[in-house]
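What follows is one structure encoded as structure tokens, with my remarks underneath.
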Amino acid sequence: MASIQAARLGSNLADTPRASPVPVIYTTKQNISPSLSLFSGAVAGAVEATITYPFEFAKTRAQLQAEKSKSPLTVLAKIVREDGFRAMYTGCSALVVGTAFKAGVRFLSFDSIRNKLMDDDGKLSPARGILAGMLAGIVESVVAVTPTERIKTALIDDAKSGARNFNGGAQALGYIIQSRGIRDVYRGLISTTLKQSATSAVRMGSYNVLRELSKTYQIPQNTLTTFGSGAVAGIITVYCTQPFDAVKTKSQSARGASTVEAFKSIMAERGIGGFWSGSTMRLGRLILSGGIVFSVYEKMTALLSSSDRP
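Numbering of the sequence shown is given in UniProt numbering, commencing with residue 1 and proceeding in unit increments.
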């Protein structure tokens, strides 16, 4: 009798329609090694800087002019017409080396801090992502960004004057130290640190949020998704942090100025809108920059991590 009831129960269970299984994403906490973060970040920074430098050049040139900024294509066309194609890459070598260095420091710092803040599932809350980005930006500014940006800005400003006193980053650095002392290499440290911490917090934080959202909605985790997340993070970053960038550029011109002097100068010359001068140029660069740097970084870490596995 019991066997007959069991058979009937099994038959009823077999006839009962079953709900289709819901995909579940399982994640584990994975720590990226410091050497891998540093190397992958440096490669990503070098690739990104080489491709997007003309936008950076146009943005910096526009910010150092008193007149209203023009579109990046107009600025670049004028530069090529007057000074030749190579003029667009004035200061490029300094920026590529500097960007590789600071991107390596940025990802090393961010990954180290993220490893401490993320939960056991390998997830980082938006608030913790912003905090990790901000702290990484401070480290990046002090260690790498301020000196390299000071040299790059001095080179571009020198080229604008027509005198051409500097032949490269090394000569510009030597001149600054000889004539004004080592402290002048760190001119604009406060404005640069404010800008870099804000930029890194917004950029890394928003990228982290977008990546988590893409996983939540089960969007394929491929290069296109990474590039799109980085590009959108770049757009958000530009408009949130442009005033810091404008003050930083003004303070690091060839003549130099304190953060307060740079702020007053922008207000006197252009008004409140001057703090968003060069935003179009920076937007073009950071959309590409965000997509490129995160895509290359993710690819490099995935490639090198897989090669280390037995």
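Glycine is no exception: its CB is placed at the ideal position from the N, C-alpha and C atoms.
On a predicted model such as this, the values are computed, not experimentally measured, just so you know.
Secondary structure of MET118 (DSSP, three-state): coil. Within the same chain, Cβ atoms closer than 7 angstroms to the Cβ of ALA231 are found at ILE287, GLY290, GLY291, the five residues on either side in sequence being excluded.
An exposed status is given to ALA170, since fewer than 16 other beta-carbon atoms sit within 10 Å of its beta-carbon.
Contact check for ALA201 against GLY104 fails: the beta carbons are separated by 8 angstroms or more.
For LEU135, the enclosing alpha helix (DSSP H) covers residues 126 to 140. Excluding sequence positions up to five before and after GLY274, its CB lies within less than 8 angstroms of the CB of ALA246, ILE266, MET267, all in the same chain and listed in chain order.
Looking at the backbone, the Cα of ILE176 and that of GLY91 are separated by about 15 angstroms. Contact between THR99 and ALA49 holds, since their C-beta atoms are separated by about 4 angstroms, short of 8 angstroms. Nearest C-alpha to VAL97 among ARG180, PHE110, GLY41: GLY41. In the three-state DSSP reduction, GLY84 falls in the coil class, being neither helix nor strand. Its Cα nearest to that of ALA44, the residue PHE294 stands out among ALA302, PHE294, SER305. With contacts defined by Cβ atoms closer than 8 angstroms, PHE107 and TYR297 form a contacting pair. A straight-line Cα-Cα distance of about 20 angstroms links ARG180 and ALA144.
In the DSSP assignment, ASN208 falls within the alpha helix (DSSP H) that extends over 189 to 216. GLN221 carries a coil assignment under DSSP once its states are collapsed to helix, strand and coil.
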